[in-house]
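The next block holds one structure in the form of structure tokens; read it before the comments.
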Amino acid sequence: MSKVVVITSGKGGVGKTTTAASIAIGLAKQGHKTAVIDFDVGLRNLDLIMGVERRVVYDFVNVINGEATLKQALIRDKRADGLFILPASQTRDKESLTKEGVESVIEELKSEGFEFIVCDSPAGIEKGAYMAMYFADEAIVVTNPEVSSVRDSDRVLGLLQSKTRKAEQGDVVKEHLLIARYSPVRVDEGDMLSLEDILDILAIPMIGAIPESGSVLQASNRGIPVILDDKSQAGQAYSDVVARFLGETVPHRFLEVEKKGFLQRLFA
Amino acid sequence: MLNTLRLSISDIPKISGILQTKINHTAQFFLNSPLVLDCQDLGDKCANLDFSALYKVVKSVGFVPVGVRNVPDDCLKYIKQSEWAIMRAATKPSRKKNTGKVDEPKANRVEVISRPLRSGQQIYAPEGDVVILHQTSSGSEILADGSVHVYGTLRGRVLAGVNGEKSARIFCQSLQADLVAIAGCYQLLDDADTELKGQAAMIRLEAGKLIFEPLA
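Chains A and B supply the protein sequences, listed in that same order.
First residue of the first sequence? That's 7 in the numbering used here, and the numbers climb one at a time after it.
First residue of the second sequence? That's 142 in the numbering used here, and the numbers climb one at a time after it.
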């Protein structure tokens, strides 16, 4: 049974691609055959975050247009067995994505035995985002602790329940909330929305909160998804998210302000 | 509810555009609702219309295409080849007409929404009330010819009695709306002189003014 999971948010720059990369790697590391598709045609980034930008020969649009086979376009990840990346085209625009084309690619991935098909949605609510969410069984909505991001996520949640195939069939897309760039210190200082505020507005179950961390930027620039950095809090938080996604009960971490020890305070 | 689309043009891209606009305004309201084409205004121009293509268009925007009515006889054969059913106009006067009017039940239609109303979503309950069992979000809009009941936090805009019904009321568990209106009389909640913000409240219209009262 394959599952199509869309990583979406509405607003840009909140961490969709970072999340898609880390979750895809996490699922593959747990032994699930996983494909991750970049739907951000024209502004492709997933290949960079995954560190495979120099291995892109064919892309998603080539496959849709029948210029390449799916096998030719899929890039095998060297760090996680059973993980394949389908990069977006940088030279086309989102109009190249047709519903029939996207469906045929997803169906072919399913028939190839992929257990999870992770769709990395572009920002916005236009065609690219619509195509990324249309065939989804589950959605991970990424939001940052600030009002505009939360409102955009709310808008996307509305679309998930009206403009997806599941919605058209009278079914529902299962929703998960992932809060990225969460900083307990800044919440305490009143600069950021708290988890309670966000959950009160969005009213869907939270699958995890990723702490604000310099290691995320570092990981992105080096093309190594942050989940592989098991020393960083963000990496550990993503591992927890993957475990929860697979049905395990894992307590939430990194939500409270860390208390500084005596020596740390002395040398601060 | 059976929606009727009275065709006056045979230009499919144009029809598609109009339907899409309609759906975009109130996506959830029309989603998966049946649609009948009425070709009375179109007349002989039916012959120029590609009914199969129109079927696909209607389906793709989210309606359920049902049938066609009031088509000229010489087009019947042509339409039969498409996916549409042909609905014949009733020729015999129905018995009810002869025996005088039978009273229709007067009760208002109630639109019940059992999921959160998200930013950008709009609900319109024509000729009736709307009951929302969840919260509504900032950026959402509820419109009803009758009253509005929200069994959760009310955010966003809420307009009751949009057809001018002054007895319409608004009820909510936690009043955090941006704007409230009854029968065209509107007020921004920030401008409203009420201590009920964030609390269970009822809003009614009296002598052209919105009155905020606690819900006991």
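Glycine is no exception: its CB is placed at the ideal position from the N, C-alpha and C atoms.
Contact set between residue i and chain A, taken where Cβ atoms lie within less than 7 angstroms
{"i": "B:Arg-256", "result": "Gln-167"}
{"i": "B:Gly-261", "result": "Arg-161 and Gly-164"}
{"i": "B:Gly-287", "result": "Ordered by position in chain A, no residue passes the 7 angstroms Cβ test against B:Gly-287, which lies about 24 angstroms from the chain."}
Closer than 9 angstroms to chain A by CB, residue i
{"i": "B:Gly-339", "result": "no"}
{"i": "B:Arg-310", "result": "no"}
{"i": "B:Arg-296", "result": "yes"}
{"i": "B:Ser-281", "result": "yes"}
{"i": "B:Lys-238", "result": "Because the pLDDT at B:Lys-238 is just 47, under 50, the model does not fix this residue reliably, and the value given afterwards should be weighed accordingly. So no, B:Lys-238 is outside the interface."}
{"i": "B:Met-343", "result": "no"}
{"i": "B:Thr-232", "result": "Confidence at B:Thr-232 is low in this model, with a pLDDT of 46, below 50, so the placement of that residue should be treated as unreliable; the coordinate-derived value is given next. It does not: the Cβ of B:Thr-232 has no partner Cβ on chain A nearer than 9 angstroms."}
Cβ pair residue i, residue j closer than 9 angstroms
{"i": "A:Asp-53", "j": "A:Gly-134", "result": "no"}
{"i": "B:Leu-300", "j": "B:Ile-323", "result": "yes"}
{"i": "B:Leu-346", "j": "B:Gly-297", "result": "no"}
{"i": "A:Val-10", "j": "A:Ile-131", "result": "no"}
{"i": "B:Ala-318", "j": "B:Ala-285", "result": "no"}
{"i": "A:Asp-235", "j": "A:Gly-214", "result": "no"}
{"i": "A:Glu-181", "j": "A:Val-148", "result": "no"}
{"i": "A:Arg-50", "j": "A:Asp-65", "result": "yes"}
{"i": "A:Ala-249", "j": "A:Pro-217", "result": "no"}
{"i": "B:Ala-357", "j": "B:Cys-313", "result": "no"}
{"i": "B:Leu-146", "j": "B:Leu-160", "result": "yes"}
{"i": "B:Gly-208", "j": "B:Trp-225", "result": "yes"}
For residue j and residue i, believed in contact at Cβ under 8 angstroms, the rounded distance
{"i": "A:Ala-209", "j": "A:Asp-126", "result": "Rounded, the Cβ-Cβ distance is 25 angstroms, inconsistent with contact."}
{"i": "A:Ile-204", "j": "A:Pro-151", "result": "6 angstroms"}
{"i": "A:Gly-21", "j": "A:Ala-186", "result": "4 angstroms"}
{"i": "B:Val-199", "j": "B:Leu-176", "result": "6 angstroms"}
{"i": "B:Leu-258", "j": "B:Ser-279", "result": "Not quite, the Cβ-Cβ distance comes to about 11 angstroms (not below 8 angstroms), so this is no contact."}
{"i": "A:Val-178", "j": "A:Lys-169", "result": "That pair is no contact at about 13 angstroms."}
{"i": "A:Leu-115", "j": "A:Ala-145", "result": "Actually they are not in contact, since the Cβ atoms of A:Leu-115 and A:Ala-145 sit about 18 angstroms apart, beyond 8 angstroms."}
{"i": "B:Val-251", "j": "B:Leu-274", "result": "With a Cβ gap of about 12 angstroms, B:Val-251 and B:Leu-274 do not count as contacting."}
Among the options, nearest to residue i - alpha-carbon criterion
{"i": "B:Leu-295", "options": "B:Ile-344, B:Glu-268 and B:Glu-224", "result": "B:Ile-344"}
{"i": "A:Glu-113", "options": "A:Glu-195, A:Gln-239, A:Ile-70 and A:Ser-95", "result": "A:Ile-70"}
{"i": "B:Glu-268", "options": "B:Asn-304, B:Gly-293, B:Val-291 and B:Gly-280", "result": "B:Asn-304"}
{"i": "A:Asp-44", "options": "A:Ala-34, A:Gly-37 and A:Glu-59", "result": "A:Glu-59"}
{"i": "B:Ser-288", "options": "B:His-275, B:Gln-276 and B:Tyr-265", "result": "B:Tyr-265"}
{"i": "A:Asp-158", "options": "B:Ala-194, B:His-290, B:Gln-262 and B:Arg-310", "result": "B:Gln-262"}
{"i": "A:Ser-8", "options": "A:Tyr-64, A:His-38, A:Gly-32 and A:Lys-17", "result": "A:His-38"}
{"i": "A:Pro-93", "options": "A:Ala-243, A:Ala-145, A:Val-42 and A:Ser-168", "result": "A:Val-42"}
{"i": "A:Glu-118", "options": "A:Tyr-140, A:Gly-196 and A:Lys-77", "result": "A:Lys-77"}
{"i": "B:Met-228", "options": "B:Gly-293, B:Tyr-219, B:Pro-206 and B:Asn-211", "result": "B:Asn-211"}
{"i": "B:Ser-201", "options": "A:Glu-174, A:Gly-57, A:Ala-145 and A:Asp-143", "result": "A:Glu-174"}
Neighbour flag for residue i against chain B, beta carbons, 9 angstroms
{"i": "A:Arg-171", "result": "no"}
{"i": "A:Asp-158", "result": "yes"}
{"i": "A:Ala-209", "result": "yes"}
Contacts of residue i in chain A (Cβ-Cβ under 9 angstroms)
{"i": "B:Gln-276", "result": "Asp-206, Ile-207 and Ala-209"}
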